[in-house]
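Inspection log for the structure reproduced underneath, given as C-alpha cells.
There are 2 protein chains.
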Amino acid sequence: MNQINYLFKPKSVAIIGASRIPGKVGNIILMNYLNEGYPGKIFLVNKNADSIMGMRSYRRVTEIKERIDSAVIAVPAEVVPAVMEDCGKAGVRSVVVVSGGFSEIGKTDLQDQIAGIAKKYGMALIGPNCLGIMDSRSRINTLFLPSYKLAKPRVGGVSFIAQSGAVGSVILDMIAGEGFGLSKFVSYGNAAGLDETDLIDYLMEDEETKVIVIYVEGIKNGRKFISMANKFKGKKPVVILKAGRTEAGSKAAHSHTASLAGNYQTNEAVFRQFGFTIANDLSDLLYFAKIFESEGEPKGNRIGIITNGGGVGVLTTDAISSSKGITLGELSKKTAEDLRKVMPVLVNIRNPLDLAGDADDKRYHDAISMMMEDPQIDMLVVIILFQTPGGDSRLASELVNMKISSDKPMVALSIGSAYTEMHKMMMEESGLPVYDSPRSVALSLEALLSFYQFRKGC
Amino acid sequence: MNQINYLFKPKSVAIIGASRIPGKVGNIILMNYLNEGYPGKIFLVNKNADSIMGMRSYRRVTEIKERIDSAVIAVPAEVVPAVMEDCGKAGVRSVVVVSGGFSEIGKTDLQDQIAGIAKKYGMALIGPNCLGIMDSRSRINTLFLPSYKLAKPRVGGVSFIAQSGAVGSVILDMIAGEGFGLSKFVSYGNAAGLDETDLIDYLMEDEETKVIVIYVEGIKNGRKFISMANKFKGKKPVVILKAGRTEAGSKAAHSHTASLAGNYQTNEAVFRQFGFTIANDLSDLLYFAKIFESEGEPKGNRIGIITNGGGVGVLTTDAISSSKGITLGELSKKTAEDLRKVMPVLVNIRNPLDLAGDADDKRYHDAISMMMEDPQIDMLVVIILFQTPGGDSRLASELVNMKISSDKPMVALSIGSAYTEMHKMMMEESGLPVYDSPRSVALSLEALLSFYQFRKGC
Chain F
-2 MNQINYLFKP
8 KSVAIIGASR
18 IPGKVGNIIL
28 MNYLNEGYPG
38 KIFLVNKNAD
48 SIMGMRSYRR
58 VTEIKERIDS
68 AVIAVPAEVV
78 PAVMEDCGKA
88 GVRSVVVVSG
98 GFSEIGKTDL
108 QDQIAGIAKK
118 YGMALIGPNC
128 LGIMDSRSRI
138 NTLFLPSYKL
148 AKPRVGGVSF
158 IAQSGAVGSV
168 ILDMIAGEGF
178 GLSKFVSYGN
188 AAGLDETDLI
198 DYLMEDEETK
208 VIVIYVEGIK
218 NGRKFISMAN
228 KFKGKKPVVI
238 LKAGRTEAGS
248 KAAHSHTASL
258 AGNYQTNEAV
268 FRQFGFTIAN
278 DLSDLLYFAK
288 IFESEGEPKG
298 NRIGIITNGG
308 GVGVLTTDAI
318 SSSKGITLGE
328 LSKKTAEDLR
338 KVMPVLVNIR
348 NPLDLAGDAD
358 DKRYHDAISM
368 MMEDPQIDML
378 VVIILFQTPG
388 GDSRLASELV
398 NMKISSDKPM
408 VALSIGSAYT
418 EMHKMMMEES
428 GLPVYDSPRS
438 VALSLEALLS
448 FYQFRKGC
Chain L
-2 MNQINYLFKP
8 KSVAIIGASR
18 IPGKVGNIIL
28 MNYLNEGYPG
38 KIFLVNKNAD
48 SIMGMRSYRR
58 VTEIKERIDS
68 AVIAVPAEVV
78 PAVMEDCGKA
88 GVRSVVVVSG
98 GFSEIGKTDL
108 QDQIAGIAKK
118 YGMALIGPNC
128 LGIMDSRSRI
138 NTLFLPSYKL
148 AKPRVGGVSF
158 IAQSGAVGSV
168 ILDMIAGEGF
178 GLSKFVSYGN
188 AAGLDETDLI
198 DYLMEDEETK
208 VIVIYVEGIK
218 NGRKFISMAN
228 KFKGKKPVVI
238 LKAGRTEAGS
248 KAAHSHTASL
258 AGNYQTNEAV
268 FRQFGFTIAN
278 DLSDLLYFAK
288 IFESEGEPKG
298 NRIGIITNGG
308 GVGVLTTDAI
318 SSSKGITLGE
328 LSKKTAEDLR
338 KVMPVLVNIR
348 NPLDLAGDAD
358 DKRYHDAISM
368 MMEDPQIDML
378 VVIILFQTPG
388 GDSRLASELV
398 NMKISSDKPM
408 VALSIGSAYT
418 EMHKMMMEES
428 GLPVYDSPRS
438 VALSLEALLS
448 FYQFRKGC
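So the sequences go chain by chain: F and L. Going by my numbering, the letters in the first sequence line up with residues -2 to 455, in that order. Going by my numbering, the letters in the second sequence line up with residues -2 to 455, in that order.
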C-alpha cells in the first residue's frame, strides 16, 4: 500500500503538541478533528499533560501501544527531530510537520535531519513549514486557520496542491465561496519529504480526484516531474499556476520560498507537452478547476448560447469567437423548426438564442432540450440574468434539472450581487458550474476542449 | 440651460401611466420616487383614475397647471404619440419613454413619430424601449426592476450609459455589489431622441461625474461621435465596452438591437485615438470604472507591492511585469534603511515587500507610510489576505486611514469568501478600491497610467 494513503485515510491519528489553549496550533488541529467528526481514533501527545479537554494525553508517542497511521507534529522546530524519532520507533506510518523554523530561515541541517529520520523509518513526510492536509471525505484537517476567516468547501472532485500556505488557504476559501467541491488539499511547505511530483503521482491514481490543481513557485526535481508527467499523460486534467513567470516574479519567488523558478518558457513548454492546463491568474485557476470537476469530454467544439439578456449574449459570442479552438455552432434545420414552433414570435431563432427578459423556466426548458439534441451543438452556455422578470428560484431549479439529464457539457453564466449570488450558489452546489463573466466561460470551455483533444492524441 | 439637465435634475416630475397595482411599471416607478425620497414635486397621470394610493391623479398631463421638468411615460406604444403631444403642449421639458414596441419590433414609423414630436416641442427624449434614468444625488429613478433582485449603488462618481437594459441592470447590480459609487445611470434603448454621443457630451461637463462608462453595440452616428470625442479629448476617463467585436458577435448584435456594429478594428482605433479605455469583458469594465473613480494621476509608472502572503505577492509581481507601461519600482536606499529599522528580522526588505502572515495594522502602517514617501514608488498595491492571523477589521481600518492621507494611487487586493467580502465592502465603501485578482489589479493600474499619460499629450 502506498504510504501516502496513510496521510489522507488514516484509521488513527496522533496530534503531537496537542493543546487545550484556544488559538494554539495544537488546539486548532485537535478541534478540527473533533468538529469535523473524524471517525478514526485520536491520540493526543503533550509532554506536559496527562489530560487535555477531558481526553487522555500521552507524554510521548512511544507510550501509545496502538497502531498510528498518521501523526501531526506541532512542536517547536528544535524538538521535531526527537519527536520524529519517537514516531519512527512507535511505528507511525506518516507524519505532517506543520512547525516552521527550517530551511525557510536557513536551517537546512535541521531539515535534512528530519528528512533522514522519515527515510530511515519509511514514514511519508509532509512539511515542514506547511498547513498540511485536508481530505473532505476522511475528514482529516490539519489546517491551523481560524475557521471563521475562511469557508470550507463541500465534498467534491478537485484536489489542490500548494507549496504556499497563504495561497492555499486563499484558494480553499475561494473554492468554498464558489460552491464547488474539494477532494483533497495539501500545503506541503518546504517539501523535506514529499514534493509536488509525489503528490501529483498519488492523486493521479486516486479515484476521488477528478482534477488536480497545482500552485507552485518552483518544480523541485525537474527530471522526476517529467517522468511522472509522462507516465500519466492525459490521464486526468491538471491545472497549474506557476508563479515566477517573469524575471521580477522569479526573483520574488526565490526570496519567498527559495524556489528556483527556472525559465518560465521552458516550464510552460513542458507543461503543455504533457497536456497540463496553464492558468495565468488565480481566478483562471478557479474557473478551470470548476469546469473540469463538473464536465466530461465534449463531442466537438461547437457552442450553443441561450440567454435572457441580448447584450450579454452578444458579449459571450464575442468571447467565444475570440477564443482558440471553440466556435459558435449553427442550429440544424430541425432544431430551428422545433424552436420556432414553441418560442414566442419575438424570439429570433438563431445562435445565440435570445429568449428575452421575460423568459421563464418553461421557455428555458424548451430551448435547452432542443439545443441539447441538436447534433450541431456540442456544448451549451446558458446565460441567466436574475435581475430580469423571469429570473427566479424556479428557473434556477429547472436549469439544475436540465443539467442532470444532459450528456453534453453545460455551464451557466450569471452576473450580479446578493440575489444572483444566492441562486448561483444553489445551482453550483447542485452540480451546474456557474461563471461570472463572458471571458471566464470562454476560457474554461476552451480549456475543457483542449484537454480532451490532447487526451485523444495520447 | 442644457435640456438634458431636466432629465437628471428635475424640480418636478410627471409619471404618466402611474398605477396602484404592485409589479406594474407605472407602480414600480412611482414607488421608486417615493421610497428614495425624491424631494421635488410628483404629478401622477392616469387616464382612468383621479386618485392613486391617496395621491391626486390627473387624467391628462395638460390638466396640470404647474411647470413639469420631466415626464416618465409608461403607457402602451400606440398611445405614446398622443401622450407626448400633451407633454409638448403642457410645456414638459424632457421625457423618458420606457414603453417598448417601436423600432425594435419593426415599428420605425411610430418611433419616427415620437422623435418628431420631441423635436417639435424641444423636449429632451430618452428611449423608447429603455430602463431610463437613475441619478443617485437627485434621486431620480425610472428603472422598473424588482428592487430585491438587484442592489442599489451608493452615491459616487461613476456615470454609466448602456443601450441595453439588461446589461445596464447587471452592471448596476455589480457596481452595488462591489461597493463603489454611482453618479448617473442611463439606459437609452432605441435612442429616438438622445443617443450615446449626446449623453457622453453631457456627462463630460457634469461635475458629479468623474468617469464615464459605456456599453454599446453600435455607435449611432459616427461623425457626431468623433466630433464629440475630439472636443473632450483627455477631459475625463471614458471606459468603453463595445459588443460585436467579432463577426459572430456583430451579427448577434444586429439581431439584438438592429445595431450596425461596424468594423471593430476601425471602432477600436477611433476609441484609442481619443484616449478611451477599452474593456474587453464586463469584469474589466468594472475594474476600470473602480480605479478611475477613486484614483487620480500617478506621477510615474513604478509600482510598490506590500503583502502578507508571499505567493500572492509573487503572482502580482508577475501580473505587473507582464503588463505594458507599468513596472516594479526599486526601493530607494533611504526607504530600505528605514524599513530595516522597524521590520522584524525575517522580513526581507525588497519590492514586493512580504510582511508575513502575522503582519498587523502597525506593520502595515509602517510599510505603507515608508513606501508612500519613497520617490521611486509612484503607486502602491497593498495585498491583504484576511485568512491570515493578522487579517482583521483593525487592519482594514488602518488601510482606509492610510488611503485617506495618501496622495499617490493606492489599491488593495484581497481574495476570499464571506469574511474577506465583509472587509472588502468596508474598505471599498470608505474609498479604498479593492481588487480580487493579481490580473485585475495590473490591468487597472495600466489603464490608469495610460489615460493620464494620454491626457498629458493632449
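For each residue, glycine too, the CB sits at the ideal point set by N, CA and C. Here the structure is a predicted model, which means the values were calculated and not measured.
By the C-beta criterion, the stretch 309 to 327 of chain F is judged not to be in contact with the stretch 358 to 367 of chain F, since fewer than 3 inter-stretch pairs fall below 8 Å.
Using a Cβ distance threshold of 8 Å, residue 61 of chain L and residue 17 of chain L do not count as a contacting pair.
When secondary structure is reduced to three states using DSSP, residue 304 of chain L falls in the strand class. Residues 133, 134, 178, 179, 180 of the same chain have their beta carbon placed closer than 8 Å to that of residue 152 of chain L, with the five preceding and five following residues left out of the count. Note on residue 391 of chain F: under 16 other CB atoms within 10 angstroms of its CB, so exposed under the neighbour-count rule. Counting C-beta pairs closer than 8 Å gives three or more between the stretch 127 to 146 of chain L and the stretch 33 to 43 of chain L, which meets the contact rule. Every unbroken stretch of the alpha helix (DSSP H) spanning 4 or more residues and falling wholly within the stretch 255 to 287 of chain F is given here in chain order: 261 to 270. The DSSP assignment places 179 to 184 as complete runs of the beta strand (DSSP E) inside the stretch 155 to 190 of chain F, in order along the chain (cut-off: 3 residues). Between residue 382 of chain F and residue 424 of chain F, the gap from beta carbon to beta carbon reaches 8 Å or more.
Secondary structure note for residue 132 of chain L: its beta strand (DSSP E) is the uninterrupted segment 129 to 132. Beta-bridge analysis with DSSP links residue 238 of chain L to L/212, L/276. A Cβ-Cβ distance of about 7 Å is found for the pair residue 71 of chain L and residue 13 of chain L, placing them in contact under the 8 Å criterion.
Taking a C-beta distance under 8 Å as the contact criterion, residue 169 of chain L and residue 182 of chain L qualify as a contact pair. In this structure residue 90 of chain F touches residue 67 of chain F by the C-beta definition: roughly 7 Å separates them, less than 8 Å. In the displayed model, residue 348 of chain L falls within coil according to three-state DSSP, outside both helix and strand.
Residue 383 of chain L has a beta carbon lying within less than 8 Å of a beta carbon in chain F.
When 8 Å is used as the limit between beta carbons, residue 243 of chain F is near these residues of chain L: 314, 315, 318, 319, in chain order. For residue 111 of chain L, the enclosing alpha helix (DSSP H) covers residues 105 to 118. DSSP places residue 377 of chain F in the strand class (E or B) of the three-state scheme. At a C-beta separation below 7 Å, residue 18 of chain L has no neighbours in chain F, since its nearest C-beta there lies roughly 15 Å away. Inter-segment contact for the stretch 291 to 300 of chain F and the stretch 266 to 280 of chain F is absent: fewer than three beta-carbon pairs are separated by less than 8 Å. Beta bridge pairing from DSSP links residue 38 of chain L with L/9.
Using a 10 angstroms sphere on the CB of residue 262 of chain F, the tally of other CB atoms stays under 16, which defines it as exposed. When secondary structure is reduced to three states using DSSP, residue 299 of chain F falls in the strand class. Closer than 8 Å to the CB of residue 147 of chain F there is at least one CB belonging to chain L.
In the three-state scheme derived from DSSP, where H, G and I count as helix and E and B as strand, residue 121 of chain L is classed as strand. Bounds of any alpha helix (DSSP H) do not take in residue 323 of chain L, whose DSSP letter is neither H nor E. Take residue 311 of chain L, set aside five residues on each side of it, and the residues of its chain with a beta-carbon closer than 8 Å to its own are 349, in chain order.
Exposure of residue 224 of chain L is indicated by the presence of fewer than 16 other C-beta atoms within 10 angstroms of its C-beta. DSSP places residue 137 of chain L within a strand segment (E or B) once states are collapsed to three.
In the three-state reduction of the DSSP assignment, residue 74 of chain F falls in the helix class. Closest in alpha carbon position to residue 280 of chain F, among L/63, L/437, L/22, L/100, is L/437.
Contacts with chain F at 8 Å (Cβ-Cβ) include residue 170 of chain L. Per DSSP, the continuous beta strand (DSSP E) segment holding residue 91 of chain L begins and ends at 91 to 94. In this structure, residue 65 of chain L keeps its C-beta atom at 8 Å or more from the C-beta atom of residue 46 of chain L. Rounded to whole angstroms, the Cβ separation of residue 387 of chain F and residue 354 of chain F is 7 Å, and the two are in contact under 8 Å.
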